[in-house]
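If you read the sequence shown in the working numbering, its first letter stands for residue 749, the second for the next number, and so on.
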Amino acid sequence: MSIKLRVAAVFTAALAVAFAIGAWLFLSQLRAQLLRTTDATLTATLAGAGQYLASASGTRQGGTAFNPGSGETLVQVIDPSGVVRYAGQEAGRVPLVTPGQLAAARSGPVAVTRTLDEEPVRIVAAPLKARPGWVAVAGVSLESVNETVRAETTALVAGGAAFVLLAGAGAYWLAAAALSPVERMRREVAALSERDAAEGVRVPRTRDELAALAGTMNSLLASLHDALARQRGFTADASHELRTPLAVLGAELELASRPGRTREQLARAVASAEAEVARLTRITNDLLLLARTDEGRLPVRRGPADIADLLAASARAAAGRARAAGVECRVDAPAALVALVDADKIRQAVDNLVDNALRAAPPGSTVRLSARARGGDLTIEVADSGPGFPQEFLPHAFERFRRPDSGRGRAEGGAGLGLAIVQAIAVAHGGTASARNLPGGGAAVRIDLPAAARPPAATI
Ligand SMILES: Nc1ncnc2c1ncn2[C@@H]1O[C@H](COP(=O)(O)OP(=O)(O)OP(=O)(O)O)[C@@H](O)[C@H]1O
Ligand SMILES: [Mg+2]
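Here you go:
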């Protein structure tokens, strides 16, 4: 059942119940009021009952002088022994009230409703003035009262039904009007393809819940669209990066397979193929790590790690390349600095930074690997005195596959994933990575890890 139908049905049912209760209250009030009026008329009739008794001079016959209520009002006068001493036309000899009611009526007025000849009759009995122990009784048919109540009931039922149905239709129309933006949005969303998802749906100008829903839906659609675009870009970039080493590898193998290759030429081809395979492996590992990061599944196995040792190991591993570039790697970290980090991952991040720094550092310069703790926070920084980052590139330095245009040449061989991985590792540790250019020239990239460093007393 649609929402608008449900709303209309519930509203109509509630309205019908409310109307029925109102009508019932009205009808019972009306009936009570009509009875009160009837009782007042009967009481007024009783006031004059004594004189009719006098005019009938005590006979038991209905007096011709007495014709109360133009034949519609029944009147009896009953003596203390319970004998009807006067009965108006059609009133009969049998007392209109029961002995109990008669006894009660001797001390005060009594009003009852009973059925006489299958007709409801209202009867009022009261002590007869000036004759103690005597009771005057007056009755009148309630047919006209019932008729009035019946007519009112019919009118209320007919009018009420029409009103409730009309109101139900109005509720349906209102609900349909209120929900029409929902149906419109549904159609718009259904018509959206993944390519134009960024356009979103039209936001109603009502500033209500539906407008808020449309706004939320649009931001969700926009972020999904962005994520999709990023994913596409990532896939395209990754394929592009993998294609180059694969092409080089293919060419090397093709060259090697040509007849008449010398041993040296073959050895060179194998060495080159090896280098390309190493590069392919590194890129695929990097891509895997970033994919895990995207899924929030980059595992961080924290354990106490001596940061000075970690930096020294990284410098040692790069020593060969540093020597070749004529660069010195210097470690500057307090000896007892122990931090709760995933040592392998931090080492990978530092290696990436050292790799970048060695590529940028001019011969004869120094690459500084430093670490310090402030409070419980740990900061690791790798600085060089090369040309630094191009200023316009700095804000994008940590984006995947991002390299400055000048760095596009494959000669230096970077895929543009190193800094993205540094950042992913920092973030997985709850920290941040940032890059800056040093005032005196050169670049510095630092990793800030909050609450990672242990106080010296807690060293292992
Ligand atoms: N210390 C630095 N000095 C100057 N430029 C740098 C420095 N470190 C990085 N860059 C620039 O930032 C770019 C991105 O670095 P990143 O480490 O992300 O990628 P890459 O080194 O090119 O490739 P990869 O690390 O995947 O092998 C580099 O290509 C380089 O142009
Ligand atoms: Mg790099």
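Backbone N, C-alpha and C define an ideal beta-carbon position, used for all residues, glycine too.
Cβ-heavy atom distance, residue i to ligand 1, below 7 Å
{"i": "residue 1145", "result": "yes"}
{"i": "residue 1125", "result": "no"}
{"i": "residue 981", "result": "no"}
{"i": "residue 1165", "result": "yes"}
{"i": "residue 1040", "result": "no"}
{"i": "residue 1134", "result": "yes"}
{"i": "residue 1191", "result": "yes"}
{"i": "residue 1168", "result": "yes"}
{"i": "residue 1108", "result": "yes"}
{"i": "residue 1152", "result": "yes"}
Supposed contact pair residue j and residue i - C-beta distance, whole angstroms, cut 8 Å
{"i": "residue 1090", "j": "residue 1048", "result": "5 Å"}
{"i": "residue 798", "j": "residue 876", "result": "6 Å"}
{"i": "residue 972", "j": "residue 945", "result": "6 Å"}
{"i": "residue 1217", "j": "residue 1119", "result": "Outside the displayed range of the chain (749 to 1208) lies residue 1217, so it cannot be described from this structure."}
{"i": "residue 775", "j": "residue 900", "result": "6 Å"}
{"i": "residue 1149", "j": "residue 1181", "result": "Incorrect: roughly 17 Å between the Cβ atoms, too far for contact."}
{"i": "residue 887", "j": "residue 869", "result": "5 Å"}
Local conformation of residue i per DSSP, three classes
{"i": "residue 768", "result": "helix"}
{"i": "residue 1191", "result": "strand"}
{"i": "residue 862", "result": "strand"}
{"i": "residue 951", "result": "coil"}
{"i": "residue 889", "result": "strand"}
{"i": "residue 847", "result": "helix"}
{"i": "residue 1118", "result": "strand"}
{"i": "residue 1051", "result": "strand"}
{"i": "residue 1127", "result": "strand"}
{"i": "residue 1057", "result": "helix"}
{"i": "residue 880", "result": "coil"}
{"i": "residue 1010", "result": "coil"}
{"i": "residue 1186", "result": "coil"}
{"i": "residue 841", "result": "coil"}
{"i": "residue 895", "result": "helix"}
{"i": "residue 1196", "result": "strand"}
{"i": "residue 1066", "result": "coil"}
{"i": "residue 822", "result": "strand"}
{"i": "residue 1079", "result": "strand"}
{"i": "residue 1202", "result": "coil"}
{"i": "residue 833", "result": "strand"}
{"i": "residue 807", "result": "The predicted position of residue 807 is uncertain, since its pLDDT is 44 and thus under 50; no value can be drawn from it."}
{"i": "residue 1165", "result": "coil"}
{"i": "residue 875", "result": "strand"}
{"i": "residue 744", "result": "This structure leaves residue 744 out entirely; the chain is present only between 749 and 1208."}
{"i": "residue 741", "result": "Residue 741 lies beyond the residue range present for the chain, which begins at 749 and ends at 1208; the question has no answer from this structure."}
{"i": "residue 1084", "result": "coil"}
Near ligand 2: residue i beta-carbon under 7 Å from a heavy atom
{"i": "residue 1103", "result": "yes"}
{"i": "residue 1162", "result": "yes"}
{"i": "residue 966", "result": "no"}
{"i": "residue 1100", "result": "yes"}
Residue i CB to nearest heavy atom of ligand 3 below 7 Å
{"i": "residue 1008", "result": "This structure simply doesn't include ligand 3; it includes ligand 1 and ligand 2 instead."}
Do the region 1051-1060 and the region 1015-1023 touch if we need at least three Cβ pairs shorter than 8 Å?
-> no
Count the CB pairs spanning the region 908-925 and the region 755-762 that are closer than 8 Å, and state whether there are at least three.
-> Verdict: yes, contact present.
Pairing CB atoms from the region 771-783 with CB atoms from the region 896-915, are three or more of them under 8 Å?
-> yes
Cβ pair count under 8 Å reaching 3, the region 981-1000 against the region 945-957 = no
Would you check if there are 3 or more beta carbon pairs closer than 8 Å linking the region 918-931 to the region 852-859?
-> In the pairwise beta carbon analysis, the region 918-931 is classified as not touching the region 852-859: fewer than three pairs are separated by under 8 Å.
Does the region 1036-1047 touch the region 997-1009, meaning 3 or more C-beta pairs lie closer than 8 Å?
-> no
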